[in-house]
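Here is the structure we will look at.
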Amino acid sequence: MSGKFQFIHTTSDLSREAKKERRKLARSHVAAVRHSERRQRDIKNFRAQNQQKDDANVAPGDDNNQSILAEHQHIVDITPAPVSLPRSDPTIPIILSFDDVVLMRPFDTLAQQRQDPDAEDGLTSQAQSRHQIPLVAQLTPQLSPYQMVGQGAVDPFYHFIHMPAGIPPRMARHLSYYVTTLMPKMHPSFTTNLTRKVFGCSSMATADELSLAALSAYSATSRSMTAKVEGFHDGVADWLYFKGRTIQLVNKRLSNPDEAISKDVIGGISSLILMESFTGNSAEAKAHMNGLFRIGQLRSRVHGPLPYILAFKILMSAIKLSILTQTPPTIPFNLSYPMQLPLPSISHILPSFASSLIINWPRISPNAKLLTTFHDIAMMTRYTEALYLAAFPYADDDTYLEYLTHQNMYIEYCLLVHTTSNVIEEACRLTCLLFSQTGLVRGYPNESAVIQFTLRPLKTLLQGSVLGFAWAGFEEVQAWVAFMGAWCSVQQEDLAFFAELFRKSCGTLGLVDFEGVHEMLSRFLFVDRVYCERLRELWVRFF
């Protein structure tokens, strides 16, 4: 054998893309091992803690507090107070407000980012320092033996979800659906720490029946709506069962001063309100919201300002109710999130997104408030896509996801308090609401009430304006509005109306091929990942 050194050239792909994929695969393996070790450690610590009871429960209050609880213990029977608030000014005092509840200091993160002229994409260290505002009530880690709940959906080394022992099969299948199907739709970054804290999946192994029943009811509602089966079937039966069980458990807790203002009660009532965002029963949602206000007031008197997670649930419930009723939210947006991690540059992602809408807006309306919201939507859409593209720096927690969730909720709030008599401006506002429910977050099917209750006034508005000259010179905007209406349509009558208007608008613009239509829509609120497939279907069917 020769003693010479022989240099062997590698035959693998040395391109930048291949290296990136190999690094991504290595990081995925390391993360999986890390999550597995962390999960085992948490299970061990949990067993050592002997299932300590959550400290959110409070001691019995005074007679005044107990009288308030007695008055509102049957939350489903509460008659909601009438809400009448003009849309002209979002700073007008709200009728149903938290008089005694301090959520957070008012903080417009997006607006302050835009005011920094030296920031790249509005994000410099100076802008980031504004995020470093301590919460009134500090976020505390939650005890959970399931650090990576539902990791079977994303972790190739786990092929099933470990459900806690003792859960009946009727509930287990809905909890499994919630973790494996609904969670990924709620937001692209499926790292589950945030979804456990915010969306109600907190500590499944230690959760009591109220939390699990509320989750099961929410999951059963989604499943029954997307089953595409008419009449009374198992999905509807489970929805009614778990909804009734949740209400029963909430009323039972409200009769006990020790548990009436616990986080589980607030989470259960919030789940009931979000459930109605699927079904559209606004009367029940108002009753639940009215009771949630009272409980929040009472808890703040006992414990002081609400923790961020509870305040987020209450505010999110109010915003979803506002979408159902097409009225301004009943509480002001006084919730801030202290973003302390650096935000990456995202100007290269979707570079033409919303460009036509922003450039042409001064011709449409002199009102700059909605234009500001367009910039916010563009920024948050790019950040959402950055999560899909793994463009964010690695973080052990869900800070980036929680930041996006907070800002997206603020965008919905701004759209709901905006008012105008301009037909095109109002159509754009409603279309942006549809985009926020379909493009930024995909937790709701098109059949859900929050989408259909927004589509109805949009259709009515267009039916009264297409015969006039309101859209003259703004056919591109009309085409985008009509496409979003067609994409969200469920009823054949609605689909036919929006698709025909979309076809006529494209014809007026001289767009005769799919590529031209796609290029035009990409300059509005349009994301290929979400809308392109349905656009092809509409093109084949109606053009």
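Take the numbering used here: the last position of the sequence shown gets the number 1872, and nothing is skipped along the way.
The beta-carbon is built from N, C-alpha and C at its ideal position, and this holds for glycine as well.
*Candidates 1669, 1811, 1499, 1742: closest to residue 1850 by CA position*: Stepping through the sequence shown from its first residue, residue 1850 is reached at position 521. Nearest C-alpha to residue 1850: 1811.
_Unbroken stretches of the beta strand (DSSP E), 3 residues or longer, contained in the stretch 1777-1838_ = For the stretch 1777-1838, not one full-length beta strand (DSSP E) segment reaches 3 residues or more.
*Give the DSSP-derived three-state secondary structure of residue 1633 in the structure shown.*
Counted from its first residue, the sequence shown places residue 1633 at position 304. If DSSP states are grouped into helix, strand and coil, residue 1633 belongs with coil.
*Nearest to residue 1678 (by Cα), restricted to the options 1363, 1855, 1863*: Mapped onto the sequence shown, residue 1678 falls at position 349. Taking only the C-alpha atoms, the option nearest residue 1678 is 1855.
*Could you check the C-alpha separation between residue 1790 and residue 1756 for me, to the nearest Å?*
If you number the sequence shown from 1, residue 1790 lands on position 461. If you number the sequence shown from 1, residue 1756 lands on position 427. Computed Cα separation, rounded: 7 angstroms.
*In the structure shown, what three-state DSSP assignment does residue 1588 receive?*
Against the sequence shown, residue 1588 aligns to sequence position 259. DSSP places residue 1588 outside both helix and strand once states are collapsed to three, so it counts as coil.
*Beta-carbon contacts of residue 1826 that lie in its chain and below 7 angstroms, excluding the five residues immediately before and after*: In the sequence shown, residue 1826 corresponds to position 497, counting from 1. Cβ neighbours of residue 1826 beyond the five flanking positions: 1788.
*Identify whether residue 1498 lies in helix, strand or coil by the three-state DSSP scheme.*
Against the sequence shown, residue 1498 aligns to sequence position 169. Reduced to three states, the DSSP call for residue 1498 is helix.
_Beta-carbon within less than 6 angstroms of residue 1572's beta-carbon, same chain only, minus the 5 sequence neighbours each way: which residues are those?_
As a working mapping, residue 1572 is identified with position 243 in the sequence shown. Taking C-beta separations shorter than 6 angstroms and ignoring five residues to either side along the sequence, the partners of residue 1572 in its chain run 1546, following chain order.
*Assign residue 1488 to buried or exposed, taking buried as 16 or more other Cβ atoms, counted over all protein chains shown, within 10 Å of its Cβ.*
By one-based count along the sequence shown, residue 1488 stands at place 159. Summary for residue 1488: the model assigns pLDDT 32, below 50, so the residue's position carries little reliability; its value from the coordinates is reported in the next sentence. Exposed.
*Just list the alpha helix (DSSP H) runs in the stretch 1717-1763, keeping only unbroken ones of 4 residues or longer that don't cross its boundaries, in chain order.*
Counting whole runs of 4 or more residues, the stretch 1717-1763 contains the alpha helix (DSSP H) stretches 1728-1746.
*For residue 1698, collect the residues of the same chain with a Cβ closer than 7 angstroms to its Cβ; drop the 5 residues on either side in sequence, then sort them by chain order.*
Translated into positions along the sequence shown, residue 1698 becomes position 369. Result list for residue 1698: 1747, in chain order.
*C-beta contact flag for residue 1843 and residue 1870 at 9 angstroms*: Here the question's residue 1843 lines up with position 514 in the sequence shown. Here the question's residue 1870 lines up with position 541 in the sequence shown. Residue 1870 sits away from residue 1843, with the two beta carbons spaced by 9 angstroms or more.
*Could you tell me the boundaries of the alpha helix (DSSP H) in which residue 1571 lies?*
Counting from one through the sequence shown, the residue named residue 1571 turns up at place 242. First-last of the alpha helix (DSSP H) with residue 1571: 1563-1583.
*Would you mind working out which of 1646, 1718, 1694 sits nearest residue 1349, comparing C-alpha positions?*
Position 20 of the sequence shown, counted from the start, is the residue given in the question as residue 1349. The shortest Cα separation from residue 1349 among 1646, 1718, 1694 belongs to 1718.
*What is the DSSP secondary structure of residue 1663, reduced to helix, strand or coil?*
By one-based count along the sequence shown, residue 1663 stands at place 334. Note: residue 1663 maps to coil in three-state DSSP.
*asked:* Helix, strand or coil for residue 1655? Go by DSSP, reduced to three states.
replied: As a working mapping, residue 1655 is identified with position 326 in the sequence shown. Coil at residue 1655, not helix or strand.
*Return helix, strand or coil for residue 1609, following the three-state DSSP convention.*
Working through the sequence shown from its first residue, we reach residue 1609 at position 280. Residue 1609: coil per DSSP, three-state reduction.
*Thinking residue 1578 and residue 1605 are a contact (beta carbons under 8 angstroms), I'd like their distance in whole angstroms, please.*
Locating residue 1578 in the sequence shown gives position 249, counting from the first residue. Locating residue 1605 in the sequence shown gives position 276, counting from the first residue. No, residue 1578 and residue 1605 are not in contact; Cβ-Cβ is about 18 angstroms, not under 8 angstroms.
*According to the neighbour-count rule (16 or more other Cβ atoms, all chains shown, within 10 Å of its Cβ), is residue 1657 buried or exposed?*
Translated into positions along the sequence shown, residue 1657 becomes position 328. Residue 1657 counts as buried, since at least 16 other C-beta atoms from the protein chains shown sit within 10 angstroms of its C-beta.
_Rounded distance between the beta-carbons of residue 1655 and residue 1782, thought under 8 angstroms_ = As a working mapping, residue 1782 is identified with position 453 in the sequence shown. As a working mapping, residue 1655 is identified with position 326 in the sequence shown. Sure, about 7 angstroms apart at Cβ, within 8 angstroms.
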